[in-house]
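Reading the sequence shown from the start, the letters are residues 142 to 673 in this note's numbering.
To start, the structure itself, in structure tokens.
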Amino acid sequence: MTSEIPARAGRREWIGLAVLALPTLLLSMDLTVLHLAVPSLSADLKPSSSQLLWITDIYGFLLAGFLITMGTLGDRIGRRKLLLIGAAAFGGASMLAAFAGSAELLIAARALLGVAGATLMPSTLALIRNMFHDSAQRSVAIGTWMISFMVGAAIGPLVGGALLENFWWGSVFLLGVPVMVLLLVVGPILLPEYRDPKAGRVDLISAGMSLVAVLTVIYAIKDIAEHGADWLAALLIVVGLVIGAGFVRRQRKLADPLLDLNLFASRAFSGSLAIMMIGSFIMMGLNLFIAQYLQMVLGLSPLSAGLWGLPMVGGLIVGVMLASTIVRWVRPSVAMGVGMVIAAAGFGMLTQVDATGGLAIVVTGSIVFAIGLAPGSVLSTDLVVSAAPPDRAGAASAISETSQEFGGALGLAVLGAIGTAVYRGDVADVVPAGVPPEATTAAQDTLGGAMATAGQLSGQLGVDLLAAARQAFTHGLQVTAGISAAVVAVSGILIMVLLRNLHMKPEPEDQPDSGQAAEAVPVDVVKSRDGE
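Here's what the structure looks like:
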């Protein structure tokens with residue numbers, strides 16, 4: 142076995158990275174633009190309430206459910222090949238969604254978009270793993286990949302709003318078509334192909350079990366976040382966990398499993414997944430309250446609230462860029478741990494907001510916690526994909542994406558439940574005398590319900606009810622921000638202690654053929670070997 146300094150990426154790899162950033166940017170935009178189109182597509186297609194929920198939710202459900210299967214499939218058939226197949230499917234599904242003439246057809250198109258999206262994310266990240274062997278360059282590449290996702294999330298509402306002001310609701314889906322066409326044209330030229338030369342066939346039973354396990358648990362968690370806990374959600378979680386346990390048991394027995402459980406034996410891999418889940422947990426859970434606070438408490442329009450969210454995206458970008466530089470001189474555990482402590486300070490600022498004028502505090506606190514969370518996000522992603530053998534990069538990338546989906550769903554459920562409980566308790570204590578019982582019940586349910594009820598009450602009574610509800614919601618935001626600060630502060634300390642021995646080490650170009658998983662190699666090399 143030889144251990145050589147890995148070759149540094151050249152111009153072709155960096156241009157290829159720009160190509161990979163395109164579908165990443167598009168996917169994040171696609172997650173945000175649909176909500177803007179809901180009013181107009183509802184007026185046109187007239188979906189039922191159940192159909193409307195499936196139109197908005199099925200994309201995310203199937204994307205999360207198929208990530209592990211698609212990541213492993215890319216390792217076996219070729220990551221570039223899977224990426225291009227997914228690009229073609231995504232472009233076709235986008236056209237189908239744009240011109241859907243019924244709610245049923247739009248649901249089917251959104252489902253296909255979710256499956257196609259599951260091929261894109263792990264493929265792009267796995268290709269980055271194989272294109273950039275130098276650890277410093279790989280950190281920059283992954284940071285660039287993440288920045289493209291953040292930029293897409295930031296500009297998605299702005300671009301979508303502009304389209305909806307001038308065109309029909311289906312125009313938001315056409316954003317993806319030219320991007321996917323460009324990827325199909327330049328991808329075969331600029332992107333290398335990698336696959337595991339020793340991989341067998343995909344175990345379809347394992348694929349089905351992973352799909353059902355992930356879908357049932359995430360669906361149940363999101364249902365709890367929206368409607369509260371009930372017996373059906375609890376049953377779905379139990380079913381998902383039982384199937385998940387069966388999936389794990391099956392992987393232990395298979396000679397060529399869909400998911401290599403040995404990956405989790407690496408402290409770098411498992412610890413980084415935990416960091417991803419924590420970051421997603423906090424961001425998804427707290428951002429829900431921040432968005433409502435800006436619009437329902439401070440009275441900003443959706444567009445203004447979106448614009449005031451741009452500084453937070455800027456903070457994430459700055460944090461990613463700093464992390465890629467700082468990690469050259471300090472251990473990743475220090476960069477991530479200190480970042481978490483900085484994020485805790487930002488969340489602490491949010492505990493000081495009030496119901497009358499907290500915009501400056503929200504913007505400042507958001508910038509600070511975004512800068513602090515960014516190192517953990519980019520470096521943990523790098524550690525996950527670099528801790529896995531090259532032939533398992535697709536599966537590792539898919540696991541990282543799935544962990545973030547779980548973290549986000551849990552954040553919405555847990556922090557959402559805590560904030561809602563605080564709100565309801567406060568409203569019950571401060572409802573002005575004279576408010577009818579049915580109005581009190583509606584006001585206790587949500588802040589939106591309180592605003593609607595206040596508008597129906599006459600005179601000072603409605604004004605007092607709205608002020609009390611806004612103050613109660615602000616208290617809920619303060620409590621969830623305080624919990625977030627405590628969680629990330631403790632996490633930062635644990636990261637610096639438990640992961641202190643981790644280093645961003647350059648990988649050798651020559652990998653051993655025995656005792657470890659085989660190196661993923663370019664397909665043309667595989668073919669030449671097979672012909673010998």
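We put the beta carbon where it would ideally sit given N, CA and C, even for glycine.
Only a predicted model underlies this, so the values are computations on that prediction, with no experimental measurement involved.
By the neighbour-count criterion, in which a residue is buried when 16 or more other Cβ atoms sit within 10 angstroms of its Cβ, residue 364 is buried. For residue 336, the secondary structure class from DSSP, reduced to helix, strand or coil, is strand. If you ignore the 5 residues before and after residue 630, its C-beta comes within less than 8 Å of the C-beta of 481, 482 and 485, all in its own chain and listed in chain order. DSSP, read as helix, strand or coil, puts residue 274 in coil. Secondary structure of residue 308 (DSSP, three-state): coil.
Here residue 189 is exposed. Its C-beta has fewer than 16 other C-beta atoms within 10 Å. With fewer than 16 other Cβ atoms inside 10 Å of its own Cβ, residue 152 counts as exposed. Across the set 492, 452 and 468, the C-alpha of 452 shows the shortest separation from the C-alpha of residue 511.
Contact between the stretch 537-552 and the stretch 198-213 is established, with three or more Cβ pairs separated by less than 8 Å. Nearest to residue 278 by C-alpha distance, out of 354, 155, 226 and 393, is 155. In the DSSP assignment, residue 498 falls outside any alpha helix (DSSP H) and carries neither an H nor an E. In the DSSP assignment, residue 621 falls within the unbroken alpha helix (DSSP H) covering 600-639. Between residue 610 and residue 584 a beta carbon distance of about 6 Å is seen, short of the 8 Å cut, so the two are scored as contacting.
As for any alpha helix (DSSP H) of minimum length 4 sitting wholly inside the stretch 351-412, the runs are 372-394, ordered along the chain. At the C-beta level, residue 317 and residue 235 come within 7 Å of one another. Put simply, of 238, 163, 378 and 598 the residue whose alpha carbon is nearest the alpha carbon of residue 294 is 163. In terms of Cβ geometry, residue 207 and residue 259 form a close pair [threshold 7 Å]. The DSSP-derived three-state label of residue 153 is helix.
Restricting attention to 336, 396, 288 and 269, the CA atom closest to the CA of residue 157 is found in 269. Within 10 angstroms of the beta-carbon of residue 271 lie 16 or more other beta-carbons, which makes it buried. In the structure shown, residue 242 adopts coil according to DSSP, grouped into three states. Nearest C-alpha to residue 599 among 614, 247 and 577: 577. Within the stretch 187-224, no complete beta strand (DSSP E) segment of 3 residues or longer occurs.
Separation of residue 506 and residue 428 (C-alpha to C-alpha, rounded to the nearest whole angstrom) is 12 Å.
Excluding five sequence positions before and after residue 572, the CB atoms of its chain that fall closer than 6 Å to its own CB belong to 581, given in chain order.
Going by beta carbons, residue 257 and residue 247 fall outside the 7 Å limit. Of the other Cβ atoms in all chains shown, 16 or more fall within 10 Å of the Cβ of residue 619; this residue is therefore buried. Cα atoms of residue 435 and residue 446: separation of roughly 6 Å, rounded to the nearest angstrom.
The continuous alpha helix (DSSP H) containing residue 452 extends over residues 451-467. Taking 7 Å as the cut-off, the Cβ atoms of residue 614 and residue 588 count as close. Residue environment for residue 422: buried (at least 16 other C-beta atoms within 10 angstroms of its C-beta). Here residue 508 has 452, 453, 455, 456 and 487 as same chain residues with Cβ atoms under 8 Å from its own Cβ, once five neighbours each way along the sequence are excluded.
Two segments are said to touch when three or more pairs of C-beta atoms, one from each, lie closer than 8 Å; by this definition the stretch 281-292 touches the stretch 455-473. Residue 471 carries a coil assignment under DSSP once its states are collapsed to helix, strand and coil.
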